[in-house]
Each structure stands twice: as C-alpha cells, then as structure tokens.
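A.B. asks: In numbering that gives the first Met the number 0, the protein residues as written are 0 to 184. Note that the Cβ used here is the ideal one computed from N, Cα and C, for glycine as well. Just so it is clear, the structure is predicted and the values come from calculations on it, not from any experiment. Can you read through this structure? Questions will come right after.
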Amino acid sequence: MWLWDALLAFLATLFGVFIILAIIKTDILWEIDAYLRERSSRRRHILNNSMTIKSWIANNQEFDAFLQREVYLLENREMLKPKAASGSLSQNQEKLLGKIEGELKQRKRHLWTTCQGFSKLQSGITRGVYIEEFCRQIKTAEQTRKWSIDRRACQLRQDCCDRGCGCCKRPRRAPGQTEAFAVAD
Numbered sequence: 000m001w002l003w004d005a006l007l008a009f010l011a012t013l014f015g016v017f018i019i020l021a022i023i024k025t026d027i028l029w030e031i032d033a034y035l036r037e038r039s040s041r042r043r044h045i046l047n048n049s050m051t052i053k054s055w056i057a058n059n060q061e062f063d064a065f066l067q068r069e070v071y072l073l074e075n076r077e078m079l080k081p082k083a084a085s086g087s088l089s090q091n092q093e094k095l096l097g098k099i100e101g102e103l104k105q106r107k108r109h110l111w112t113t114c115q116g117f118s119k120l121q122s123g124i125t126r127g128v129y130i131e132e133f134c135r136q137i138k139t140a141e142q143t144r145k146w147s148i149d150r151r152a153c154q155l156r157q158d159c160c161d162r163g164c165g166c167c168k169r170p171r172r173a174p175g176q177t178e179a180f181a182v183a184d
C-alpha cells in the first residue's frame, strides 16, 4: 500500500511539474511571439520606407530629366522668338516653334502630376526611429564611398590634394624608399 501512495505522490508531483512547465512554456512562447511580431513589423516598416525611398529617387531622376528637357525647349523658343517677331522664320522653323509650344503645354500638365507624386511619396514615408536610422546609414555609406573615391583620386595624383587630411603634407616616397631618404615637396 505504501508503494501505491508513493507512486501517487510521485505522479502528482510530476503532474504539478508538467503544469508549471506548461505555464512557463506558454509565457515563453508568448514572449517569443511578441518579439517576432515586433521584428516583422519593424522589417515591414523598413521595407515600406525603402520602397518609398526608391520611388522617391526614381521620381527625382525623372523630374531632373524633365527639367533639363524643359530648359532645352525654353532656350530653343527664346532663340526663335526674335526671328518670329521680325517675320524671318522659315517653314521648318515655324513648325519647330509650334512643336516646342505644344510640348511646353504638355510639360505643364506633367509637372503638376509629378508634384502630386512627390507629395504622395512624402506622405508615405513614416517618421520615427527606423527611417532616421535608415537615412543615417545611407548618409554614412555615401560619405564612405565619396571618401574612398577621393582618396583613390588623391593617390592617382600622387597625394596632391586640398582635402585637409594631411596626406599632401607627408613627403613623397618612391617604392622601396625609406622615410629617412624621402624628398619633401
């Protein structure tokens, strides 16, 4: 009989341990689930922001090309206007002036839609820590890239630059030359 009581006590203890482990496991699973949800939310925000930034860059490049073309058209129109005022335009020049005027009118509509696209993209960027960190990393990477390009250009000019890094103030050395025999500029 005592064996039976010991077995029941052991099973009750074991069952209690299993219940406690199940509760702990559930709490741990909830914490893991919350962590994974927050992480996926963060990634989703970063992904949405990076897509918005890529769209912003593409829209900006399109806008730059648009402005360049518009400046070109305006310059051509300004060149043809004095001839048109004096009446010395040829037929081809009149057709060209008409095409330029028509394209400039179309460009005004396109400018309005591009500006609307910019405002839509601006409102799509979420503010906060994630976008600030993303922009900071882009800026840091850009500065590093510019510095390495400048450094290579400086080396190609045999360390003659005005960046203030001090490389130009060092004496020039030929390969295999020791510092004691370096010739200062």
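State the Cα-Cα distance for the pair residue 97 and residue 55, rounded to the nearest angstrom.
C.D. replies: By one-based count along the sequence shown, residue 97 stands at place 98. By one-based count along the sequence shown, residue 55 stands at place 56. Near 33 Å, if we compare the C-alpha coordinates of residue 55 and residue 97.
A.B. asks: Could you tell me the alpha carbon to alpha carbon distance between residue 119 and residue 65, rounded to whole angstroms?
C.D. replies: As a working note, residue 119 is residue 120 in the sequence shown. As a working note, residue 65 is residue 66 in the sequence shown. Between residue 119 and residue 65, the C-alpha separation is close to 19 Å.
A.B. asks: Please determine, among 30, 72 and 34, the residue with the shortest C-alpha to C-alpha distance to residue 104.
C.D. replies: Residue 104 sits at position 105 when you count from the first residue of the sequence shown. Minimum Cα distance to residue 104 is reached at 72.
A.B. asks: Excluding the five sequence neighbours on either side, which residues of its own chain have a C-beta within less than 8 Å of the C-beta of residue 79, listed in chain order?
C.D. replies: Residue 79 sits at position 80 when you count from the first residue of the sequence shown. Its chain contains 88, 92, 95, 96 and 99 as the residues whose beta carbon lies nearer than 8 Å to that of residue 79, once the 5 sequence neighbours on both sides are disregarded; these appear in chain order.
A.B. asks: May I ask you to report which of helix, strand or coil DSSP gives residue 180?
C.D. replies: Position 181 of the sequence shown, counting from 1, holds the residue named residue 180. Note on residue 180: pLDDT 45, under 50, position unreliable in the model; no value is reported.
A.B. asks: Out of 37, 76, 69 and 52, which has the shortest C-alpha to C-alpha gap to residue 107?
C.D. replies: Numbered from its first residue, the sequence shown carries residue 107 at position 108. The shortest C-alpha separation from residue 107 is found at 69.
A.B. asks: Give a yes or no on whether the C-beta atoms belonging to residue 116 and residue 58 are separated by under 8 Å.
C.D. replies: For the purposes of this step, residue 116 is taken as residue 117 along the sequence shown, with counting starting at 1. For the purposes of this step, residue 58 is taken as residue 59 along the sequence shown, with counting starting at 1. Cβ distance < 8 Å, so residue 116 and residue 58 count as in contact.
A.B. asks: Excluding five sequence neighbours on each side, which residues of the same chain lie with their C-beta closer than 7 Å to the C-beta of residue 83?
C.D. replies: Within the sequence shown, the letter at position 84 stands for residue 83. Here the set comprises 96.
A.B. asks: What does a CB cutoff of less than 7 Å around residue 62 pick up in its chain, not counting 5 residues either side in sequence?
C.D. replies: Counting from 1 along the sequence shown, the entry for residue 62 is found at position 63. Correct list, in chain order: 113.
A.B. asks: Could you tell me the distance, in whole angstroms, from the CA atom of residue 90 to the CA atom of residue 77?
C.D. replies: Within the sequence shown, residue 90 is the residue found at index 91, counting from 1. Within the sequence shown, residue 77 is the residue found at index 78, counting from 1. Spanning the two alpha carbons is a distance of roughly 17 Å.
A.B. asks: Return the CA-CA distance between residue 111 and residue 102, expressed in angstroms with no decimal places.
C.D. replies: Taking the first residue of the sequence shown as 1, we reach residue 111 at position 112. Taking the first residue of the sequence shown as 1, we reach residue 102 at position 103. Looking at the two C-alpha atoms, the distance is approximately 14 Å.
A.B. asks: Let me know the secondary structure DSSP gives residue 208 once reduced to three states.
C.D. replies: The structure shown does not extend to residue 208, since the chain spans only 0 to 184, so no value can be given for it.
A.B. asks: Pick out whichever of 86, 81 and 52 has its Cα sitting closest to the Cα of residue 134.
C.D. replies: For this step, residue 134 is matched to residue 135 along the sequence shown. If we check each option's Cα against that of residue 134, 52 comes out closest.
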